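J.: Residue numbers (this note's numbering): 40 to 433. All C-beta atoms in this analysis are idealised placements derived from N, C-alpha and C, irrespective of residue type, glycine included. Quantities reported herein were computed from a predicted structural model and do not represent experimental measurements.
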């Protein structure tokens, strides 16, 4: 689960990590009050709040440029915020459709001396948290990794011990910090790691982490994402969820306990089991198709969930075909068959559907489908099913 920058900065501030003062507003009526709280005769940063990077270089659909702007005039700050709020911002991460800006963040500017990059995330190969830092802050870290990998600093943390003081000093010295800045960096790293670990974060990122003219180290930006599987432990974090930033189909799927992720292909997949779902997407690609989603109905889905799954995948206008691939174990093939039949009666299945069933109650499932009168394409194995749906979806 992702949250907005202003929410991440609130968590940073609560953790004791220094951040600039700022105020997030969702209505133009609130602009004057928020801007008035900022210092007079000082620079103000106006930031569009969306779950996507590249905001500063983004362009709004009406031609207004820049989702992050700077001004020394409070009247101008309100004018800029008014142009942003309710407008749709397109960045390299949003796709052509962009994201509607429903919150604007007014924050005081910082006189920057140098920009750095700092992040903590989970390294899947070692199953350990890894701290990544660089002197090249303010840039896309992917570009730094590709063009100047020697400028990336990686320090792995033993999860049983947490971050150790010598590791904080190692990172601080590698970034070129001296004197009191080493102590400041040590405190920031300690508090950032505690936030990462105790809140079950997938990632915490500061880009840029900055030093100002007085040598103070602070987080100028903030990005935090959480492990969705651990949210049951953090009701306070769940309250930060912004459904406006999520795919409506994914929200609906979560309401039915379905694991759904939208992709950019044209062949919808309905599968039981994450591993089988990944294999199904792979074989669709192998035969020249493109999956439109990842959808795991789970091991114990019922008829209502299967019906809901069909409705969700068919809401995607790009879908030109559906591949149902079920291996019956806990999830019985006849239950899936009943769900397909129920879905066909309740909604208009306007695209070809290829069904491959195997496992528990497979004969009962096939019989139900054969006698349903539905226009379905049966397949005996996964390769055959993938080939058929790729041909039909073209």
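Only counting runs of 4 or more residues, tell me where the alpha helix (DSSP H) segments fall wholly within the segment 60-127, in order along the chain.
T.: 70-75, 113-123
J.: Given a cut-off of 8 angstroms, decide if residue 84 and residue 39 are closer than it, judged by their beta-carbon atoms.
T.: Look at the range of the chain in this structure, 40 to 433, and you will see that residue 39 is not part of it.
J.: Determine, using beta carbons only, whether residue 257 and residue 58 come nearer to each other than 8 angstroms.
T.: To locate residue 257, count along the chain shown from 1; it is residue 218. To locate residue 58, count along the chain shown from 1; it is residue 19. Yes, Cβ-Cβ distance for residue 257 and residue 58 is below 8 angstroms.
J.: Considering only residues of the same chain and omitting the five flanking positions on each side of residue 131, which have a CB-CB separation below 6 angstroms?
T.: Counting from 1 along the chain shown, the entry for residue 131 is found at position 92. For residue 131, where only same-chain residues beyond five positions count, the Cβ hits under 6 angstroms are 93.
J.: Is the Cβ-Cβ distance between residue 159 and residue 231 less than 8 angstroms?
T.: On the chain shown, residue 159 is found 120 positions in, with the first residue counted as 1. On the chain shown, residue 231 is found 192 positions in, with the first residue counted as 1. Yes. Within cutoff.
J.: What separation, rounded to the nearest whole angstrom, lies between the Cα atoms of residue 138 and residue 123?
T.: On the chain shown, position 99 is the one that residue 138 refers to. On the chain shown, position 84 is the one that residue 123 refers to. Rounded to whole angstroms, residue 138 to residue 123 spans 11 angstroms at the Cα level.
J.: Tell me, please, whether the segment 283-300 touches the segment 328-336 by the rule of three or more beta-carbon pairs shorter than 8 angstroms.
T.: yes
J.: Please list the segments of the alpha helix (DSSP H) lying wholly inside the segment 133-208, counting only runs of 4 or more residues, in order along the chain.
T.: 180-186
J.: Spatial neighbours of residue 354 within its chain, please: CB distance less than 7 angstroms, with the 5 preceding and 5 following residues excluded, ordered by chain position.
T.: On the chain shown, residue 354 is found 315 positions in, with the first residue counted as 1. Cβ neighbours of residue 354 beyond the five flanking positions: 288.
J.: Under the rule that 16 or more other beta-carbon atoms within 10 Å means buried, what is residue 427, buried or exposed?
T.: Taking the first residue of the chain shown as 1, we reach residue 427 at position 388. With 16 or more neighbouring CB atoms inside 10 Å of its own CB, residue 427 falls in the buried class.
J.: Measuring CA to CA, which of 343, 327, 311 is closest to residue 369?
T.: Mapped onto the chain shown, residue 369 falls at position 330. Residue 311 is the option with its Cα nearest to residue 369.
J.: According to the neighbour-count rule (16 or more other Cβ atoms, all chains shown, within 10 Å of its Cβ), is residue 395 buried or exposed?
T.: Here residue 395 is taken as the residue at index 356 of the chain shown, counted from 1. Its Cβ being crowded by 16 or more others within 10 Å, residue 395 is buried.
J.: Which word fits residue 205, buried or exposed, when buried means at least 16 other C-beta atoms lie within 10 angstroms of its C-beta?
T.: Along the chain shown, one-based indexing puts residue 205 at 166. It counts as exposed.
J.: Check whether the Cβ of residue 366 lies closer than 8 angstroms to any Cβ atom in chain C.
T.: The displayed structure is made up of one protein chain only, and chain C is not part of it.
J.: Measuring CA to CA, which of 126, 392, 279 is closest to residue 424?
T.: As a working note, residue 424 is residue 385 in the chain shown. Comparing Cα positions, the closest option is 392.
J.: Can you give me the C-alpha to C-alpha distance between residue 313 and residue 388, rounded to a whole angstrom?
T.: By 1-based counting over the chain shown, the position of residue 313 is 274. By 1-based counting over the chain shown, the position of residue 388 is 349. So the alpha carbons of these two residues sit roughly 25 angstroms apart.
J.: Do residue 372 and residue 409 have their C-beta atoms within less than 8 angstroms of each other?
T.: By 1-based counting over the chain shown, the position of residue 372 is 333. By 1-based counting over the chain shown, the position of residue 409 is 370. Not a contact, by the Cβ cut-off of 8 angstroms.
J.: Closest to residue 191 by CA distance: which of 157, 103, 366, 100 is it?
T.: The residue you call residue 191 lines up with position 152 of the chain shown. With distances taken between Cα atoms, residue 191 lies closest to 157.
J.: How would you label residue 283, buried or exposed, when you count the other beta carbons within 10 angstroms and need 16 or more for buried?
T.: Taking the chain shown and counting its residues from 1, one reaches residue 283 at position 244. It counts as exposed.
J.: Within 10 Å of its beta-carbon, does residue 263 have 16 or more other beta-carbons around it, so buried, or fewer, so exposed?
T.: Counted from its first residue, the chain shown places residue 263 at position 224. Classification of residue 263: buried, given that the 10 Å Cβ count is 16 or more.
J.: Give every residue of the same chain whose Cβ lies closer than 7 angstroms to the Cβ of residue 98, excluding the five residues on either side of it in the sequence, and list them in chain order.
T.: Stepping through the chain shown from its first residue, residue 98 is reached at position 59. Same-chain partners within the cutoff: 104, 129.
J.: For residue 7, which of 218, 243, 217 has the nearest alpha-carbon?
T.: Nothing about residue 7 can be reported from this structure: the residues present for the chain run from 40 to 433 only.
J.: Mind checking residue 345: buried by the 16 CB within 10 Å criterion, or exposed?
T.: Counting from one through the chain shown, the residue named residue 345 turns up at place 306. Buried.
J.: By Cβ distance below 8 angstroms, which residues in the same chain neighbour residue 323 in space, the five residues on each side in sequence not counted?
T.: In the chain shown, residue 323 corresponds to position 284, counting from 1. Hits under 8 angstroms: 304, 306, 308, 329, 330, 362, 425, 428, 429.
J.: Specify the secondary structure class of residue 366 as computed by DSSP and reduced to three states.
T.: In the chain shown, residue 366 corresponds to position 327, counting from 1. In the structure shown, residue 366 sits in a strand (DSSP, three-state: E or B).
J.: Whose CA, out of 407, 163, 224, lies closest to the CA of residue 378?
T.: In the chain shown, the residue the question calls residue 378 occupies position 339. That would be 407, whose Cα lies nearest to the Cα of residue 378.
J.: With three or more beta-carbon pairs closer than 8 angstroms as the criterion, would you say the segment 161-177 touches the segment 214-229?
T.: yes
J.: Around the C-beta of residue 117, are 16 or more other C-beta atoms found within 10 angstroms, so that it is buried, or is it exposed?
T.: As a first step, residue 117 is located in the chain shown; it is residue number 78 there, counting from the start. Under this definition residue 117 is a buried residue.
J.: Please go through the same chain and pick out, in chain order, the residues whose beta-carbon is closer than 7 angstroms to the beta-carbon of residue 295, but skip the five residues on each side of it.
T.: Position 256 of the chain shown, counted from the first residue, corresponds to residue 295. For residue 295, where only same-chain residues beyond five positions count, the Cβ hits under 7 angstroms are 344, 347.
J.: Pick helix, strand or coil for residue 360, following the three-state DSSP scheme.
T.: In the chain shown, the residue the question calls residue 360 occupies position 321. DSSP places residue 360 in strand when its eight states are reduced to three.
J.: Using DSSP with H/G/I as helix, E/B as strand and the rest coil, what is residue 226?
T.: As a working note, residue 226 is residue 187 in the chain shown. Three-state result, residue 226: helix.
J.: Could you tell me the boundaries of the beta strand (DSSP E) in which residue 304 lies?
T.: As a first step, residue 304 is located in the chain shown; it is residue number 265 there, counting from the start. Premise fails: residue 304 is in no beta strand (DSSP E) and is neither H nor E.
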